[in-house]
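**Student:**
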Amino acid sequence: MIRGSCFKSPCFSYALAFCLAIYSVAISFFFHSCTSPFFPSKPRVLHYLLPTDPASSNSLCATQTLSFSAATPLKVYMYDLPRKFTYGVIEEYLRARSIDINGTSQLRYPGNQHSAEWFLFMDLQKPHAARAGSPALRVESPQDADIFYVPFFSSLSLLVNFSRSGSSPVSYSDEQMQMELVDWLEGQETWKRNNGRDHVIICQDPNALHLMIDLFKNSILLLSDFGRLKTDQGSWWKDVVLPYTHRIDSYVKENTTLERSTLLFFMGNRYRKEGGKVRDQLFKVLENEEGMVLKHGVQSREGRRLAAQGMRTSKFCLHPAGDTPSACRLFDAIVSICVPVVVSDKIELPFEDELDYSKFAIFVPSSKALEPGYLVSLLRQIDDEKLRQYQEELRKVRRYFEYGEVNGAVDHIWRAIASKLPRVRTLIHRNRRDISLDASITTI
């Protein structure tokens with residue numbers, strides 16, 4: 232009776248209420264401390280980035296939100312390669328086209344769809360003050376580096392002898408340059424230390440570094456897709472898929488769906504090899520459908536002008552597979568606010584850890600797209616309100632594909648590279664352990 236009366240007494244009720252209030256205040260204070268003052272109230276969240284030193288993150292708050300800020304950038308050591316691997320490639324490209332380079336005070340990279348190698352190189356060349364807030368910090372000492380960037384213009388090197396002027400003698404060999412790059416890297420202690428695992432190699436053109444790619448398979452590769460690589464050479468967990476450099480200027484006019492008269496637009500080479508054979512089949516299925524504009528054409532200045540005009544007046548833009556699963560056309564469509572219709576079953580896309588492509592693009596299996604009437608019916612069922620939603624999402628994500636913008640493609644590439652570090656470090660550490668075990672067994 233005494234115990235039962237205690238629970239019913241006013242004193243007990245007041246004491247219980249007081250304890251609950253103290254507990255509530257304590258919990259609120261703890262979670263508030265996770266955001267202020269030592270944790271910013273709105274951190275730039277990078278859900279996949281682990282701390283450089285996991286042992287230093289000993290607070291419970293640090294285990295709840297992995298944040299990326301200017302205070303913890305990716306530390307990049309860019310090799311000072313011999314000039315022939317960077318500006319020398321530009322000179323050879325111009326020389327092969329009989330373009331006078333004498334007296335040129337500053338060489339400019341020839342624009343092409345695989346220009347990421349130039350933008351990353353120039354980003355790391357900026358003074359520290361101009362890179363404030365960047366997710367990557369260039370360090371001067373290899374000992375301070377998280378990763379080592381190899382700035383060989385591999386995609387441009389591949390194009391030097393392409394369309395060479397008839398009066399220009401062939402004196403440049405991309406294959407020779409690849410071999411010389413390997414020789415140079417293998418002479419670096421930083422390369423030998425981890426067998427290149429903590430190195431970043433850019434090969435955005437699907438054929439770039441084709442001769443030596445197997446020697447770079449341990450490294451973080453920056454590429455457009457895995458179409459030309461063997462399964463042991465490239466993988467999504469180790470490598471970073473880059474957006475193509477769009478060849479069409481971004482469309483900034485806020486035109487509505489009703490102002491776009493064409494339902495579906497495509498302009499490009501109709502006949503491709505391998506997986507790109509689907510293009511010719513799509514032409515046969517779609518070319519006579521009302522509202523469909525499909526044009527066979529090759530790259531040229533006039534072709535780009537017509538493509539830009541077509542994309543900007545179309546609701547949807549077709550992206551079929553080419554010789555490889557990806558192509559520049561997808562990114563031209565995005566910056567033109569033309570909803571991509573992707574018919575490429577093996578495509579890999581940039582920044583999928585941050586972007587949900589289903590919010591601004593439509594993906595159709597090749598087998599379904601080739602069914603007569605299927606694609607037309609699918610697109611015509613999308614009303615203006617849904618189309619406006621797609622377009623609004625395109626405007627939101629467009630900066631991810633703009634190489635020249637602050638917090639654009641370059642910054643997101645550095646963040647994507649940073650996301651690979653935990654697994655790369657794990658492999659490095661396991662490899663060191665295995666080597667030491669082998670050595671100890673040998674000496675027993």
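Positions 232 to 675 (our numbering) are the ones given, in order, by the sequence shown. For every residue, glycine included, the Cβ atom is placed at its ideal position computed from N, Cα and C.
Would Lys757 be called buried (16 or more neighbouring beta carbons within 10 Å of its own) or exposed?
**Tutor:** Outside the modelled stretch of the chain, which goes from 232 to 675, sits residue 757, for which no answer is possible.
**Student:** Measure from the alpha carbon of Leu416 to the alpha carbon of each residue in Tyr310, Phe496, Thr493, then state which is nearest.
**Tutor:** Tyr310
**Student:** Among the residues of its own chain, which have a CB less than 6 angstroms from the CB of Lys599, if the five just before and after it don't count?
**Tutor:** Tyr605
**Student:** For the region 570 to 579 and the region 529 to 538, state whether three or more C-beta atom pairs, one from each stretch, are separated by less than 8 angstroms.
**Tutor:** no
**Student:** Please classify Gly364 as buried or exposed, where buried requires at least 16 other C-beta atoms within 10 Å of its C-beta.
**Tutor:** A residue is called buried when at least 16 other Cβ atoms come within 10 angstroms of its Cβ; Gly364 does not meet this threshold and is exposed.
**Student:** Where Arg535 and Asp375 are concerned, what is the direct C-alpha to C-alpha distance, given to the nearest angstrom?
**Tutor:** 44 angstroms
**Student:** Evaluate Asp405 with the Cβ neighbour count: other Cβ atoms within 10 Å of its Cβ, from every protein chain shown; 16 or more gives buried, anything less gives exposed.
**Tutor:** buried
**Student:** Kindly indicate which three-state DSSP category Lys469 falls into: helix, strand or coil?
**Tutor:** coil
**Student:** Have a look at Phe457 and Gly465 and give me their C-alpha separation to the nearest angstrom.
**Tutor:** Straight-line Cα distance between these residues: approximately 6 angstroms.
**Student:** Taking Met408 as part of the alpha helix (DSSP H), name the residues at either end of that continuous run.
**Tutor:** 405 to 417
**Student:** Are there 16 or more other CB atoms within 10 angstroms of the CB of Arg491, so buried, or fewer, so exposed?
**Tutor:** buried
**Student:** Could you compute how far the alpha carbon of Leu368 sits from the alpha carbon of His359?
**Tutor:** Each residue's Cα considered, the two are about 8 angstroms apart.
**Student:** Which value, in whole angstroms, describes the spacing of the CA atoms of Gln620 and Arg654?
**Tutor:** 37 angstroms
**Student:** Between Leu601 and Tyr588, is the Cβ-Cβ spacing less than 8 angstroms?
**Tutor:** no
**Student:** Can you confirm whether the region 418 to 429 touches the region 335 to 345 when touching is taken to mean that 3 or more C-beta pairs between the two stretches lie within less than 8 angstroms?
**Tutor:** no
**Student:** For Val566 versus Tyr482, is the C-beta distance shorter than 8 angstroms?
**Tutor:** yes
**Student:** Hey, is Pro366 close to the ligand NAD, as in C-beta under 7 angstroms from one of its heavy atoms?
**Tutor:** What this structure holds is no ligand at all, so the ligand NAD is not there to describe.
**Student:** Taking the straight line between their C-alpha atoms, what separation do you get for Glu623 and Tyr324?
**Tutor:** 40 angstroms
**Student:** Tell me which residues share the same chain as Tyr308 and place their Cβ nearer than 6 angstroms to its Cβ, disregarding the 5 neighbours each side in the sequence.
**Tutor:** Val370, Pro373, Ala376, Phe379
**Student:** Among Leu338, Pro366, Gly541, whose alpha-carbon lies nearest the alpha-carbon of Ile648?
**Tutor:** Pro366
**Student:** Are the beta-carbon atoms of His430 and Val381 separated by less than 8 angstroms?
**Tutor:** yes
**Student:** Quick one: what's got a C-beta closer than 7 angstroms to Arg629's C-beta in the same chain, skipping five residues either side?
**Tutor:** Ser481, Ile565, Val566
**Student:** Go through its chain and collect everything with a Cβ distance to Trp468's Cβ below 8 angstroms, but skip five positions before and after it.
**Tutor:** Lys651, Arg654
**Student:** Is the beta carbon of Val509 closer than 8 angstroms to that of Pro556?
**Tutor:** no
**Student:** Going by DSSP in three states, Tyr475 sits in which element: helix, strand or coil?
**Tutor:** coil
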